[in-house]
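Taken in sequence, the protein lines are chains A and B.
Mapped onto numbering that gives the first Met the number 0, the consecutive letters of the first sequence carry residue numbers 0 to 253.
Mapped onto numbering that gives the first Met the number 0, the consecutive letters of the second sequence carry residue numbers 0 to 252.
The structure appears right after this line, and notes come after that.
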Amino acid sequence: MSESFGTESAARKADFVADVVNRTLHDLVIRCTRTEEIRSYYEVSVIGYGSSVGSMLSGGLSGRNHVPISEVADSPARLETRSKKVPDGAGGLVEQTVRFPIWVDPTSNGGTPMCQAFSLAQRLLAEWTATHPHSFPPTVLHLTDGESTDGDPTEHARQILGTGTSDGATLLFNCHVSSKHAMKVAYPNDESRLPDEYARSLFRCSSRLPESFRQAAVSMGVAVEEGAYGFVFNGDPVSVAQFFEIGTRPANLR
Amino acid sequence: MLNAHSLLLPKDGLHPHECEDAIGIRSDLGRFCVADGATESFDSRTWARLLTKHWSQCNGLTQPHELQSWWKRLGERHTRRWSERPLPWYAEEKAAVGAFATFLGFEVAETTEQGFRWQAVALGDSCLVQLRGGEIVLSFPLDEADEFGSHPQLLPSKPSLQAAVEGEVRCVSGTARSGDAFLLLTDALAAWMLRYSKSEPELTQNFLRLLESASPESLADLVSNERRSRRLRNDDVAAVLLRLSAVESSKAR
């Protein structure tokens, strides 16, 4: 991906997406940190697709899938520093330097071989659910900027949705991002507002948001009705960040 | 001696040493407390244990103005545990924010032959339930199962964050009779007790009976069953049950 998200953002999509994925992994790590140790509540795979299809993790985790979150924590490819505005305790904001671990680097080349990507995801899910038959079902957060270039992915998506654990079927949430100034549709309950057949086919590949995810969305200020699907069409940068946050906040660990 | 019975269980699938709820019992002082360390915070188990251990063996600390210097001192102690050792990047980041916990403290003393006075202090959704003849006559600070959410007020370990919750401390006091029972419960059990004590009194009565008869295995089975049927949230659980008896308590004080 190498286009910006329409005119409202100058950020290149690829940079932005890598940032969002790195921030998501960072948040998962922090959430599982108890003391010096980490509870491996999650295992993570990050699949990229373009000129090739496979794990996007860099550094020591390169090529790995099903990585326990404790290993993710201990093996970022590098620790960068960024500046961040934080509350100063007196109602204002101060700039603070924070460490920003990098696991995934931006890439933007090739087509959109969605069928291959879904097929790999399905294989990984079948492996994982066979060894974790009673866990919370896996969640797949799929982000795409265009139509599949290797065929209709619907059947592959069905196979993903056919995997699961005794606690339920795998959850597949789809977020389509657009470079055009097109009307965004976020977490719809049905297809009525979707602009074309492509949008409808992605919608049909999406799981309903379970109540805990929906409440996470509502607590973030995103209007999501009961019965909504985990689907965003023509998403902007804000909706991508929200999509990842909603999709990784289900497990109330308190 | 006030006779207290207690239960402390981790979430299903976790080990006892991973339980972040804590209990403090000093029957000789008439002081009992529970705390619920917030799982997503840093070393909340130690924070919950510090709070319960110290509150139960102190005097007073039942009014908001008494609590501030106490929890500041304990917070500094929690911070020192981690500030003097090298930590990986994620632990350092998390330690900077510290731990969070709910807290409920309960003090009771006999006043006359058949009477007791009690005081309770709470921050968050750990609850005190007063029972008379098997019926709930008071629940504090929450009294409806639907009031329990996933964002209760929490006491931070970081002294710099504590000022923000000073106004959130709730206090209550009252009287009780010989035969009354008091339960101190962390949120999952409190919500369960409030939800089912009317609709299925035999279930909650059985829970009390097992707690009093010190049957840890049967109690654990009951908790597991209720979790499996999704009536009880799969959370750490802490319970302290105290039945007031004029004869027994007069020996203690």
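All C-beta atoms, glycine included, are put in the ideal place defined by N, C-alpha and C.
Contacts that residue i makes with chain D (C-beta to C-beta distance below 8 Å)
{"i": "A:E244", "result": "Although the question refers to chain D, the structure presented lacks it and instead comprises the protein chains A and B."}
Contact list for residue i against chain B, beta-carbon separation under 8 Å
{"i": "A:T96", "result": "Within 8 Å Cβ-Cβ: nothing; A:T96 doesn't reach chain B, min ~12 Å."}
C-beta contact flag for residue i and residue j at 8 Å
{"i": "A:C174", "j": "A:G234", "result": "yes"}
{"i": "B:D220", "j": "B:D20", "result": "no"}
{"i": "A:T138", "j": "A:G163", "result": "no"}
{"i": "A:P112", "j": "A:Y48", "result": "yes"}
{"i": "B:L122", "j": "B:Q152", "result": "yes"}
{"i": "B:T185", "j": "B:S125", "result": "yes"}
{"i": "A:L193", "j": "A:F232", "result": "yes"}
{"i": "A:N188", "j": "A:A215", "result": "no"}
{"i": "A:A76", "j": "A:S57", "result": "yes"}
{"i": "B:L182", "j": "B:A238", "result": "yes"}
{"i": "B:L207", "j": "B:S217", "result": "no"}
{"i": "B:V107", "j": "B:G178", "result": "no"}
{"i": "B:T78", "j": "B:K157", "result": "yes"}
{"i": "B:L231", "j": "B:A187", "result": "yes"}
{"i": "B:T203", "j": "B:S212", "result": "no"}
{"i": "A:I68", "j": "A:I37", "result": "yes"}
{"i": "B:L7", "j": "B:V222", "result": "no"}
{"i": "A:E190", "j": "A:F202", "result": "yes"}
{"i": "A:V66", "j": "A:L142", "result": "no"}
{"i": "A:S200", "j": "A:T153", "result": "yes"}
Residues of its chain near residue i, where Cβ-Cβ distance is below 6 Å and the 5 sequence neighbours each way are ignored
{"i": "B:S248", "result": "Residue placement at B:S248 cannot be trusted, given a pLDDT of 44 that sits under 50; the coordinates are not used to answer."}
{"i": "A:G110", "result": "T148"}
{"i": "B:D11", "result": "R226, N233"}
{"i": "A:T6", "result": "Only weak support is given to the placement of A:T6: the predicted model assigns it a pLDDT of 47, under 50, and the question is left unresolved by the model."}
{"i": "A:S206", "result": "L170, L171, G229"}
{"i": "A:S134", "result": "T164"}
{"i": "B:L130", "result": "A180"}
{"i": "B:G36", "result": "E19, S43, R44, W46, A47, A100"}
{"i": "B:L240", "result": "H4, L182, L210"}
{"i": "A:Q158", "result": "Q121"}
{"i": "A:G62", "result": "S54"}
{"i": "A:Y186", "result": "V223, A227"}
{"i": "A:S8", "result": "For A:S8, the pLDDT reaches just 46, beneath the cut-off of 50, and the residue's location in the model is therefore unreliable, leaving the point undetermined."}
{"i": "B:A34", "result": "A21, A47, L50, T51, A100, F102"}
{"i": "B:R242", "result": "A180"}
Neighbouring residues, chain B, relative to residue i (Cβ below 9 Å)
{"i": "A:L78", "result": "W88"}
{"i": "A:I101", "result": "Those do not exist, as A:I101 stays about 12 Å from chain B at its closest Cβ, beyond 9 Å."}
{"i": "A:A227", "result": "Within chain B, no residue comes near A:A227; the closest Cβ sits about 19 Å away, beyond 9 Å."}
Cβ separation of residue i and residue j, assumed to be a contact under 8 Å, to the nearest whole Å
{"i": "B:S43", "j": "B:I24", "result": "With 8 Å as the limit, B:S43 and B:I24 do not qualify as a contact, their Cβ atoms being about 20 Å apart."}
{"i": "B:C32", "j": "B:W54", "result": "5 Å"}
{"i": "B:A119", "j": "B:F147", "result": "At roughly 18 Å, the Cβ-Cβ gap does not stay under 8 Å, so B:A119 and B:F147 are not in contact."}
{"i": "A:F99", "j": "A:P236", "result": "Actually they do not touch by this definition, with Cβ atoms about 17 Å apart."}
{"i": "B:L154", "j": "B:W81", "result": "Not confirmed; about 18 Å, so no contact."}
{"i": "B:G104", "j": "B:T174", "result": "About 18 Å separates the two Cβ atoms, so there is no contact after all."}
{"i": "A:P136", "j": "A:A168", "result": "6 Å"}
Per-residue contacts from residue i into chain A (C-beta, under 9 Å)
{"i": "B:F254", "result": "What the structure shows of chain B is the stretch from 0 to 252, and residue 254 of chain B is not part of that stretch, so it cannot be assessed."}
{"i": "B:D20", "result": "Ordered by position in chain A, no residue passes the 9 Å Cβ test against B:D20, which lies about 11 Å from the chain."}
Neighbour list for residue i in chain A, Cβ cutoff strictly below 7 Å
{"i": "B:K93", "result": "I29, T32"}
Own chain, CB closer than 7 Å to residue i, minus 5 neighbours either side, in chain order
{"i": "A:N64", "result": "S44, S54, L123"}
{"i": "A:A156", "result": "F117, L171, C204"}
{"i": "B:G59", "result": "E65"}
{"i": "A:Q241", "result": "M219, V221"}
{"i": "B:F41", "result": "K93, A94, V96, G97, A98"}
{"i": "A:V103", "result": "A17, V20, N21, V45, M55, L56, S57"}
{"i": "A:G145", "result": "T111"}
{"i": "A:G59", "result": "S74"}
Proximal chain B residues relative to residue i, where beta-carbon distance stays under 7 Å
{"i": "A:E35", "result": "L86, P87, A90"}
{"i": "A:A168", "result": "Chain B residues near A:A168: none, gap ~18 Å exceeds 7 Å."}
Chain-ordered neighbours of residue i on chain A, where CB pairs are closer than 8 Å
{"i": "B:D42", "result": "R33, T34"}
Proximal residues to residue i (C-beta, below 8 Å), its chain only, five neighbours per side dropped
{"i": "A:T247", "result": "T23, D26, L27, T138, L140"}
{"i": "A:Q95", "result": "S82, K83, K84, V85"}
{"i": "B:E143", "result": "L193"}
{"i": "A:L160", "result": "A168, T169, L171, C204, S206"}
{"i": "A:T80", "result": "T96, V97, R98, F99"}
Residue i: CB within 7 Å of a non-hydrogen atom of the ligand MN
{"i": "B:Q67", "result": "For the ligand MN, the structure offers nothing, since it holds no ligand at all."}
Three or more beta-carbon pairs under 8 Å between the region 145-162 of chain A and the region 108-126 of chain A, yes or no? Taking a cut-off of 8 Å on C-beta distances, the region 145-162 of chain A touches the region 108-126 of chain A, as three or more cross pairs fall below it.
With a threshold of 8 Å, are at least 3 pairs of Cβ atoms found where one atom belongs to the region 99-106 of chain B and the other to the region 28-48 of chain A? With a cut-off of 8 Å, the region 28-48 of chain A and the region 99-106 of chain B do not count as touching, because too few Cβ pairs lie within range.
Between the region 86-97 of chain B and the region 72-79 of chain A, can you find at least three pairs of beta-carbon atoms closer than 8 Å? Yes, they touch.
Touching or not, the region 156-173 of chain B and the region 53-71 of chain B, by the rule of three or more beta carbon pairs under 8 Å? Three or more pairs of CB atoms, one per stretch, sit closer than 8 Å, so the region 156-173 of chain B contacts the region 53-71 of chain B.
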